[in-house]
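Below you'll find the structure, written out as structure tokens, and then a few comments.
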Ligand code: SAM
């Protein structure tokens, strides 16, 4: 009879504060045969804090494909392995994808042990809309390429989230200010769970000003978030309260087409704005 395959655990570790690890993660890290760590020296600090003495091996972006083969062999022979990265959830802008993809292809059991993740921690505390968000990882290094991404997102309704390094945080915020309206809501979440944790949740214009005027705000690790376009709000803001009221009254008596025609004659506002508002108000009423 062939030996039972081992399990690959994908274990989230803290993003700063050593207390942010689950009881189950500690238990798994103690019980597995081997821990594959992005940087074994870095992970030693966490493991010795929790008196975890499980052997470690390095698994990082430079040895990913070779190392994956060795780890998969061990898993096929019945060993259990935990994958950890330097911080947070493995595979989220950290090594592990090749290993998990190939483990799945070989029908090896892959089990997530969830925990800290900088994106989720940032979304949970900045007060920006969280119902829909897009994560872009690290943005390109050049200003032109970054702005091209912002142009793609500027009229979308989901919150844009990405990681940024301290070297580029200021130029990145300048690029954001070049593309977005100064009043768009955004946030930076810096050094989350660490001593100098700072969350600035303001407008594009204000966040840039805060970071420009304080060198300390240009240090550490960052998650940057930009709220999506609130279509309803921007539509309503495009028309005065009187015009919106007028369209609402007209819609109680006429079709959308007639209401738009009359509102256009009475208010003089743009046909496109009136038409959009009329459709929205009509939808709301029905
Ligand atoms: N796997 C990690 C996770 O689950 O969040 C992310 C790894 S990625 C290589 C590292 C980047 O995540 C940092 O450059 C920074 O942008 C962000 N990050 C990690 N820890 C952070 C923290 N404590 N506060 C703010 N951002 C953090």
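In our numbering, the protein residues as written are -11 to 274.
Just so it is clear, CB atoms sit at the ideal spot from N, CA and C, and this is done for glycine as well.
CB of residue -6 to nearest heavy atom of the ligand SAM: below 7 Å? no
Which parts of the stretch 217 to 261 are runs of the alpha helix (DSSP H), unbroken and 4 residues or longer, counting only runs that do not cross its ends? Taken in chain order, the complete alpha helix (DSSP H) segments of 4 or more residues contained in the stretch 217 to 261 are 219 to 226, 229 to 241, 244 to 255.
Runs of 4 residues minimum, wholly inside the stretch 63 to 108: which ones carry the alpha helix (DSSP H) assignment? 85 to 93
Does DSSP classify residue 141 as helix, strand or coil? helix
Rounded to a whole number of angstroms, what is the C-alpha to C-alpha distance between residue 269 and residue 243? The alpha-carbon of residue 269 is positioned some 12 Å away from that of residue 243.
Buried or exposed for residue 256, please, with buried defined as at least 16 other CB atoms from any protein chain shown within 10 angstroms of its CB. exposed
Taking contact to mean at least 3 C-beta pairs separated by less than 8 Å, is the stretch 119 to 130 in contact with the stretch 16 to 34? no
Identify the residues that DSSP records as bridge partners of residue 60: which are they? The secondary-structure analysis by DSSP pairs residue 60 with nothing; it has no beta-bridge partner.
For residue 116, verify whether its CB is less than 7 Å away from any heavy atom of the ligand SAM. no
Less than 7 Å between the CB of residue 291 and some heavy atom of the ligand SAM, yes or no? Because residue 291 is not part of the residues shown, which for the chain are -11 to 274, the question remains open.
Evaluate residue 78 with the Cβ neighbour count: other Cβ atoms within 10 Å of its Cβ, from every protein chain shown; 16 or more gives buried, anything less gives exposed. Burial call: buried.
At a threshold of 7 Å, does residue 12 count as lining the ligand PLP (C-beta to nearest heavy atom)? As presented, the structure is devoid of the ligand PLP, carrying the ligand SAM as its sole ligands.
Residue 258 CB to nearest heavy atom of the ligand SAM below 7 Å: Checking every heavy atom of the ligand SAM against the Cβ of residue 258, none is found closer than 7 Å.
Where the alpha helix (DSSP H) containing residue 116 begins and where it ends: Careful: residue 116 lies outside any alpha helix (DSSP H) and carries neither H nor E.
To test your reading of the DSSP string, which unbroken beta strand (DSSP E) runs of 3 or more residues are found completely within the stretch 117 to 181? Runs of the beta strand (DSSP E) lying entirely within the stretch 117 to 181, each at least 3 residues long, are 121 to 126, 147 to 152, 173 to 178 in chain order.
Boundaries (first-last residue) of the alpha helix (DSSP H) holding residue 31: Here the alpha helix (DSSP H) through residue 31 covers 28 to 37.
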